[in-house]
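This report concerns only the one structure given below.
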Amino acid sequence: MSHKADADVVRTTHNTARFFTENRHISWILLVAVLVWGFYGYAKMPKRKDPDIPVRLAVAVCPWPGVSAAKVEQLVTRQIEQKTAENTKVHPPGAYDFGITSTTLDGVAFVYVALSEDVDDIKKEFNDINLKLNSLTSLPQGAGPIQFMSDFGDTAALMLTVASPKEREVEIELRAKSVKQAIEKVRIQARPGPADARTTLVAAFPLSVPPSSVRRTFDLVTTFLEGAGMASDIRPVEGAGFAGLDFETSANDEAILTFLQKLFYERLHAEEIHPDAWRPIMIRDPKDVGPKLTAVAGDKYSYRELDDFTELIQRTLQPVPQVSKVDRSGVLPEQILLEYSQERLASYGLQPSRLREVLGARNINLPGGLLQVGGKDISIDPSGEFKSEQEIGNVLLTPASPGARPLYLRDLVEVNRGYQSPPRFLNFHTWRDNKGEWRRSRAVTLAVEMRSGEQIGTFGKQIDATLAEVKHSLPEDLIVVRTSDQPLQVKENIDLFMDALYEALLLVVLVAWVGFWEWRSALLMALSIPLTLAMTFGIIQLLGIDVQQVSIASLIIALGLLVDDPVVAGDAIKRDLGLGHPPVVAAWLGPTKLAKAIMFATITNIVAYLPFRLLSGDTGRFLASLPIVMACSLLASRIVSMTFIPLLGYYLLRQGKKPEISTEERRQRGLTGAYYRLASLAIQHRWMVFAGSLAFLSLGVLFIAHLKTSFFPDDLQYLSYVDVWMPNDAPLSETNNAANRAEEVVRRVAERYGAEHAGRGGKARRVLKSVTSFVGGGGPRFWMSVSPQLQQSNYAQLIIEVEKKEDTPELVPLVQRALAVEIPGARVDVFQLQTNPVNYPVEVRISGRADVSALQEEKDIRVLRGLSRQVKDIFRAIPQADRVRDDWDEDCFTVALEVDPDRANLAGISNRDVAASSVSGMNGIPVTSLREGDKQIQVLTRLRMEERAQLSDIKDLYIYSTETNTKIPLTQISSVLYGMKTARIQRRDHFRTMSIHCFPVPGVLASEVLKAAKPRLRELQKNLPPGYRMEIGGEQAKQDQGFGELAVVLAISATGIFLALVLQFNNAVKPILVFAAVPYGMIGALGALEIMGAPFGFMAFLGIASLVGVIVSHVIVLFDFIEEMHEKGEPLVDSLLDAGIVRLRPVMITVGATVLALFPLAVHGGPLWQPLCYAQIGGLSVATFIELLLVPVLYAIFVLDLKLIKWEEKGKEHGDPLAQDA
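Per the numbering used here, residue 1027 is the first one in the sequence shown, and the count goes up by one each step.
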């Protein structure tokens, strides 16, 4: 490195700093242009909470109704997996990531496919997979069609839940009056008896539901009440919006309700009761109707009305320019049931399958041709399409004959209009009414997705305006709430980070003012910040970067770095003014003399961050904007320091009134004097100081051993969610009951938490805002990292929303603890939202790879279950492990029909006839449809509920022959066998895999649980049977992958910085000295994490890795002064100490600015950014001390003792510079 005299620099240099100082009119125009550019760039940049990370996951769904999971896996799942694997861009298998995984249940296969991370055109690859699946022609009969959901990863920007309010009090009063009148009228006609001997069972429902839809249910109740001897003189009670029975009884109301509950559970399929009906009540005294009806009052609007309302909202929102798609969840389809008695149907010689032909011939929607008359085309539209369910019942089956009346369909079957029965998916919303009471209402949720590249704020405003418009066409009391609101989240998040940025700016200016202790230099540095930020925003807008938490946090992290150049440049201008240079020369001369050192310092910082672009996966995409924003801000800072800082320095900076303090005076007094004496003593006892520093480094070993590890922290949000898993064979009604109980627990825990953490005046706070439940499957993807579960009757998802997001981390463990105790028979997990998701923190996978033939498959499952039990026993023996389970669940009860082929053939019955008759009777088969507007309402035939309520009813089933039109009882040709079966089969990358997972108890990290389990897991792994493999998944697998990549990035970064330093110094030894402070900074970072109680995770590792460039950049400028003194032939010790004195103020200002700028991010950034901030604060604080004290010591060792660096002084012989100075 060579340094010219000032006169030579002034005579020969023509650079940007000189141009901007001497051409000030042009410079001011460019300055204003940069500010305008920055404002425009920021305004145009899309705003979002998190970086846009494409979800490279799709799912293929293939139904095969009525078939066991084992058979579906063999004949459907494997074929879909093999066909999907033909795509070359499927993600390769890994300990954490998968390529293909599947879940096979009774009657359906779900096959998930993840694309490789290097795929840019995701749609193209998914289209290729879809075409391959469409070409799959070898599926068994009855299986399919395959539905490939390539939009499975699309995330809703807004989730609107539309719910029904409670029936109005006025309507309840009118209903109660009608019920009372109906009861009194019936009792007048009843047989005489004691007044208290009669009671009335009443169920109410919305006025849109006709009483005929529940009449059949009450007829059955009448039969069973009479049969049990619990009622006599039973009379129907019926009116608009209610139906019931009045009867005489000796039993009390509680006994009757208990009997009815047992009746519906065992004999009448409770899940098939009309869902719009309210809970039934018992009335002894007609005067009690009002209070009792109010207590059980249900929803005002029916499922059909909610369907109509949400369809209107959907059609209204879809044309909004910023909206890409609107989907609905929770719509309960209507259906019409033709319920028959097989005895009655058989007496007329009819088969259920014949009804399809009869109704198909009647219900047509075919053109009648075109007639040309008088130069006009007239279309002929033949009638025949059903207009109502009454027309279906009026279909003539046999015409009238002599002595017999005609036979209509209504004479053989009951035509009941209702909803999908049993339902497969339901949506509920729990909310507070005006009285502060909690209500659980039926609901439909709309997921609104935003077009890519749109402004989320504009999207939110357009949605608001459109909703305000459509509400004029909806009932005023209809509940329309935002249950997931990204526009609000983005606004709050950006406001929070911008507040942190403003606070950081204020702190940086304050540090500059204190450091310079005069307003001109502080103002110069303060003005450099908006200029640098404006240029940064302009650049990153051109590069397509969004405004989100990572990009804003990157600016906050960069603040201390981007003021480094202006501080050094301003300090250099001040020194040149003190040397007597005129302002127009000093303004550009000072920055020019340090240009090379600052340039290399900037390069090292950029090289330190840019390799982070090499991080792969979602983690790499999440952090992708960090290195780009850091590089752009550092580049902008470099440009500003060589353009606008000289311009502004010319106007602002002045030569001090007092003469500049000489170097000798600085050595004697003040902070610089104390530093000089301390550093001199350290150099004299350099080996002792070096030994002490090595002892300090040994603390790092203790910190590393004691620090707990955690990959990524949970996010701090208003939302959390609950997964409720019932046993595999649980019907949706049982799952809904469990979800309802879970909601009650959540409400109770939230109320208790609000009372214990009272607000102002000691008044209990409202903590819980709402709970939205999806029963029978997951809701829409409301959060990028939360993959929704597809429809499964044993699963429910609860989305919890709180009033203050700071309550979420405290509330989640309390809810988990209560749910684990109070929801027996269910697996319940409560999750905070995660930025980088790990579904199960502790996970061990056992894969079976030994099923080489079909005969070995049952053995394979038994072995997997045995190994799984051993792994679960290991974790259950660890006190810190909680909720230990596997993902297959227990085997389920099954009924098998073992058909005797000889007897079946003699009777003219085939196995297909047995299956068809069983499905038709138990579940129903579609026979036609009823069209109402754009809705197609399915019409099904099915046995009456009382003929298919118990296992014994299977034996009474009639089997119909499709060939001979004969019927025969099932027991004559088949045996009914009972047993257990596997109802859920998980596969991962083409092999059966059982995952055993658990959660750490509160206050314990997943790494601690796994550490305790590893010795026994290793022992088990050694003794695995041939063909079986154990793999650690969960947080450990993701952490190994992430930390491994970070280590590579750190190595690349350090290598790049080293090469840059070799080029700068033209020496391979001096860069080693520059790096000397780095290990000490890392120890400081680990110490800060230990003191703050923060785990060592990915973000902490990122903070430590990024310290390298920051520390090195400070040392470079220090070395530049040392080299300058070396060229002048100054003594070694004076050069080392004077460099520290000269650099003391700039270093303390820039480090103080960097450290203090990180405090707002640590406070406002939440748990994601805190570890990074703590690591950098601790690392920079320690490294600064090391840089100013230990680096001169090490330099002296390299020169004086190791003789690795040569040092020559003018006018002195070679020898010990310490002795010469003395």
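All C-beta atoms, glycine included, are put in the ideal place defined by N, C-alpha and C.
Residue burial classification, residue i (beta-carbon count within 10 angstroms, cutoff 16)
| i | result |
| --- | --- |
| R1044 | buried |
| D1018 | This structure gives no information on residue 1018, because the portion of the chain shown stretches from 1027 to 2248. |
| E2239 | Because E2239 sits at a pLDDT of 45, beneath the cut-off of 50, its placement in the model cannot be relied upon, and the following sentence gives the value as read from the coordinates. Looking at its Cβ environment, which holds fewer than 16 other Cβ atoms inside 10 Å, E2239 is exposed. |
| D1311 | exposed |
| A1650 | buried |
| A1182 | buried |
| K2096 | buried |
| R2018 | buried |
| R1443 | buried |
| A2248 | Note that A2248 scores 34 on pLDDT, short of 50, meaning its location in the model is unreliable; the coordinates nonetheless yield the value given after this. Burial call: exposed. |
| L1956 | buried |
CA nearest to the CA of residue i, picked from the options
| i | options | result |
| --- | --- | --- |
| A1613 | S1663, L2087, P1672 | P1672 |
| Q1882 | A1096, E1112, S1405 | A1096 |
| S2001 | L1983, H1711, G2053, Y1374 | L1983 |
| G1803 | T1761, I2231, V1352 | T1761 |
| E1989 | I1951, E1298, C1918, I1935 | I1935 |
| V2177 | S2139, Y1676, R1450 | S2139 |
| F1810 | L1061, T1038, D1078 | Reading the sequence as shown, one finds Met at residue 1810 and not Phe. Checked all of L1061, T1038, D1078; the closest Cα to M1810 is D1078. |
| M1752 | K1830, R1680, G1851 | G1851 |
| Q1553 | M2056, K1149, V1540, V1589 | Correcting the residue type first, residue 1553 is Leu in the shown sequence and not Gln. Measuring from the Cα of L1553, the nearest candidate turns out to be V1589. |
| Q2062 | A1975, V1864, G1959 | V1864 |
| V2168 | E1690, L1289, A1930 | E1690 |
Beta-bridge pairing of residue i - partner residues as DSSP gives them
| i | result |
| --- | --- |
| F2185 | Answer by DSSP bridge pairing: none, since F2185 is not bridged. |
| K1073 | V1573 |
| S1799 | F1454, L1824 |
| A1084 | V1139 |
| A1269 | A1229, E1264 |
| L1472 | L1186, R1354 |
| P2026 | A1907 |
| E1869 | H2023 |
| R2010 | L1131 |
| M1561 | M1561 pairs with nothing; no bridge assigned. |
| K1993 | Y1986 |
Contact belief for residue i with residue j at Cβ below 8 angstroms, rounded distance in angstroms
| i | j | result |
| --- | --- | --- |
| T1225 | M1308 | 5 angstroms |
| L1385 | T1954 | 4 angstroms |
| K1192 | K1402 | Contact doesn't hold; Cβ gap of about 56 angstroms is too wide. |
| L1587 | V2134 | 13 angstroms between Cβ atoms; not a contact. |
| Q1567 | K1075 | Actually they are not in contact, since the Cβ atoms of Q1567 and K1075 sit about 19 angstroms apart, beyond 8 angstroms. |
| A1705 | M1668 | Between M1668 and A1705 the Cβ distance is about 32 angstroms, and since that is not below 8 angstroms, they are no contact. |
| R1194 | G1267 | That pair is no contact at about 12 angstroms. |
| R2014 | T1127 | 5 angstroms |
| L1199 | G1316 | Contrary to the premise, residue 1199 reads as Glu rather than Leu in this sequence. Rounded, the Cβ-Cβ distance is 7 angstroms, consistent with contact. |
| S1239 | L1338 | 24 angstroms between Cβ atoms; not a contact. |
Sequence-distant residues of its chain with Cβ nearer than 6 angstroms to residue i (five each side left out)
| i | result |
| --- | --- |
| V1910 | K1898, F1901, R1902, C2024 |
| F2185 | none |
| P1952 | Q1964, L1966 |
| E1769 | T1456, V1797 |
| D1123 | H1117 |
| M1027 | For M1027, the predicted structure reports a pLDDT of 47, less than 50, and the residue's modelled location is therefore unreliable. A value from the coordinates is still provided. So the list reads E2149, once near-sequence residues are dropped. |
Own chain partners of residue i with C-beta closer than 7 angstroms, once the 5 adjacent residues on each side are dropped
| i | result |
| --- | --- |
| S1350 | E1475, M1476, R1477 |
| T1187 | H1455, A1469, T1471, V1507, T1509, T1798 |
| Y1329 | P1301, D1302, L1358, Y1445, R1468 |
| Q1340 | V1352, R1354, L1472 |
| V2027 | Q1906, D1908 |
8 angstroms Cβ shell around residue i - same chain, five flanking residues per side excluded
| i | result |
| --- | --- |
| S1894 | I1872, D1912, W1914, M2020, I2022 |
| A1216 | R1224, D1259, R1261, D1272, E1274 |
| R1664 | D1591, I1624, M1625, T1628 |
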